[in-house]
Amino acid sequence: MHKQFVPLAALCCVFGFAYWAVSQDEQNTPVEVAILTEQNWDEFAPSGKEVDAIYGDIVLRNQYVTAVIAQPIGTRNANMTVRDVAGCLIDFTDRSNQSDQLSCFYPGQRAYPFREWTVSTKNEKGLAVVGDLKRQSGECVVTVRSEGNAERPTVEVEYRLGVHSRVLQVTTRYSHHSGPPQTVTLNDDLRADGGKEDMQKAPNGTSDTFWFEDHFWQQAYGIRAPGHQVQSNSDSRRTGLVYLNSKQQDIVTLKSGQSYELVREFACGPSRIDVAAAFAREDGQQIVPTELSIWDAARREVPNASLEIRQDGKLIGRPRANGRGDANIPLAPGAYTVNVVVNGQTVREGYELHVADAQEQRETVLLPDYHPGVLMVGVTEGDRDIPCKVEIIG
3 MHKQFVPLAA LCCVFGFAYW AVSQDEQNTP VEVAILTEQN WDEFAPSGKE VDAIYGDIVL
63 RNQYVTAVIA QPIGTRNANM TVRDVAGCLI DFTDRSNQSD QLSCFYPGQR AYPFREWTVS
123 TKNEKGLAVV GDLKRQSGEC VVTVRSEGNA ERPTVEVEYR LGVHSRVLQV TTRYSHHSGP
183 PQTVTLNDDL RADGGKEDMQ KAPNGTSDTF WFEDHFWQQA YGIRAPGHQV QSNSDSRRTG
243 LVYLNSKQQD IVTLKSGQSY ELVREFACGP SRIDVAAAFA REDGQQIVPT ELSIWDAARR
303 EVPNASLEIR QDGKLIGRPR ANGRGDANIP LAPGAYTVNV VVNGQTVREG YELHVADAQE
363 QRETVLLPDY HPGVLMVGVT EGDRDIPCKV EIIG
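Quick note: to get this note's numbering, add 2 to the position in the sequence shown (first position is 1).
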């Protein structure tokens, strides 16, 4: 008996130590910054339908998100329709569900030609971006610069990512060095083409956060500016963003020797709920990882079911279950309702979900009236099969 017990105890200790070591490693995964090259492309380049990175761009990433900043040269275009992206954020995606849907985020609405850049870490400042530069640190910053003139200030944009950050911090510093006063409009714009996609954008107007969500490709984004409200105006392609200070002003006047900083926080995730959770975690609020398993009436998994999550009657996001019928949703403690949609049909409405004050939560959503079957369709003419598309209307 004792001869068997001692090795088992030792084995448990080994596995316990291994689990602790992995957990510690996950918590301390450093921030990485690297110039994209042919040699490191597979290691660093993100994935997604809208990825525009090329060799020479910079990747900035931690354990949660990956960002790509375009090389600041005048000829840098993302594609035939997304142009003049030098020094801009051209790719941004959640690392656990990589699916970049951002075409470009333009700091300053393209008014400032960025032509210089540097990289900084906690221990190294202002590194020249040359060759195959690669660094790891607890925090990394990519800074792009536009030299000022008599008409406009010098502008530096910092893309900053910390080891525990779930958001990318984008800080623009406007500096007026000499001459008559200059005015600066606090604005950005972005491209996210949703005309032919299942994409929803925040209603035009003023709020604390601008967001957009691509339901099919499962990637959503949010932008907020601490100390400012965000005024957005979107069409199917472009969104203009204006930032209003406490006096509801979006214009700053800089006298000689003055500067002004505008900070934005950029979050992404598989759904709008993930974006809200990223901001909440940055603010120190509790978020409960909640797993919902979707089962049909025969208690079989329902793969790829679409969920509509509401709180106080307001739609807050549309996450989707995976191929095993499981949906992982980060939610604050509270009461929610869930509608389950399969192939465009609502198969359960108003499921009551109560998220407890806990480390995590798991529960099964049963669809008692959903009895799926298999439809076999053969389209022929005489003895010949006819290749065609079949539309099912229900």
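Using N, Cα and C, we set each Cβ at its ideal position, and we do this for glycine too. Since the model is a prediction, treat every value here as computed from it, not as a measurement.
Please report the distance separating the alpha-carbon of residue i from that of residue j.
i	j	result
Tyr372	Lys316	25 Å
Asp102	Val70	10 Å
Lys127	Val121	7 Å
Thr382	Cys390	10 Å
Asp200	Ala194	12 Å
Ile395	Glu141	53 Å
Glu158	Val143	12 Å
Arg117	Asn79	14 Å
Val87	Glu52	14 Å
Gln250	Ser98	38 Å
Arg147	Ser238	30 Å
Thr366	Arg312	18 Å
Val254	Leu91	24 Å
Asn125	Ala36	16 Å
Thr145	Ser209	28 Å
Glu153	Gln184	7 Å
Ser234	Ser258	31 Å
Ile56	Leu129	21 Å
Ala47	Val61	7 Å
Glu306	Pro374	First, the residue type needs correcting, since residue 306 is Asn and not Glu in the sequence shown. So the two alpha carbons sit approximately 14 Å from each other.
Thr77	Pro370	58 Å
Gly196	Thr241	11 Å
Thr348	Arg364	22 Å
Ala282	Tyr66	15 Å
Glu362	Thr68	26 Å
Three-state secondary structure (DSSP) at residue i?
i	result
Ala279	helix
Glu153	coil
Thr95	strand
Arg322	strand
Glu160	strand
Glu393	coil
Arg274	helix
Asp44	helix
Leu377	coil
Glu126	coil
Arg386	strand
Asn247	coil
Thr348	strand
Arg78	coil
Gly50	coil
Pro332	strand
Gln100	coil
Thr208	strand
Gln184	strand
What distance in whole Å lies between the Cβ atoms of residue j and residue i, which are believed to be in contact at a cut-off of 8 Å?
i	j	result
Leu135	Val186	That belief does not hold up - the Cβ atoms of Leu135 and Val186 are roughly 31 Å apart, past 8 Å.
Tyr353	Ser261	Wrong, their Cβ atoms sit about 52 Å apart, outside the cutoff.
Asn81	Val33	The Cβ separation is near 28 Å, so there is no contact.
Ile289	Ala323	About 19 Å; that fails the 8 Å criterion.
Cys106	Leu246	Incorrect: roughly 23 Å between the Cβ atoms, too far for contact.
Thr173	Val232	Their Cβ separation, rounded to whole angstroms, is 16 Å, which puts Thr173 and Val232 out of contact at 8 Å.
Leu294	Ala329	5 Å
Leu377	Val340	27 Å between Cβ atoms; not a contact.
Leu38	Asp59	5 Å
Asp276	Pro332	6 Å
So who's on the other strand from residue i, going by DSSP bridges?
i	result
Ser139	Val33
Glu284	None, per the DSSP bridge assignment.
Trp219	Beta-bridge pairing links Trp219 to no other residue.
Phe268	Leu170, Ile225
Pro109	Asp190
Phe214	Lys203, Tyr223
Gln363	Thr292
Leu309	Val342
Gly242	Asp191, Asn235
Output needed for residue i: all residues of its chain with C-beta closer than 7 Å, excluding positions within five of it in sequence on either side, in chain order.
i	result
Glu274	Just to set this straight, residue 274 is Arg in the shown sequence, not Glu. Cβ within range, chain order: Trp213, Glu215, Ala222, Ile318, Gly319.
Ala280	Arg168, Val169, Ala269, Gly271
Val8	Note on Val8: pLDDT 43, under 50, position unreliable in the model; the coordinate value appears next. There are no such residues.
Arg85	Asn79
Pro335	Gln288, Val290, Val357, Ala358, Asp359
Apart from the five residues just before and just after residue i, which ones in its own chain have a Cβ nearer than 6 Å to its Cβ?
i	result
Asp326	Checking the displayed sequence, the identity of residue 326 turns out to be Arg instead of Asp. Within the same chain, Arg326 has close Cβ partners Glu303.
Pro115	Ser148
Ala227	Tyr245, Arg266
Arg162	Val143, Gln171
Gly150	Thr156
Thr211	Gly224, Arg226
Pro74	Ala88, Gly89, Phe116, Arg117, Trp119, Val146
Gln138	Pro32, Glu34
Gly164	Glu141
Ignore the nearest five residues each way along the sequence and tell me which others in residue i's own chain have a CB closer than 8 Å to its CB.
i	result
Gly50	Asp93, Thr95, Gln100, Ser101, Asp102, Gln103, Trp219, Gln221
Val379	Val392
Gly181	Ala152, Ser258
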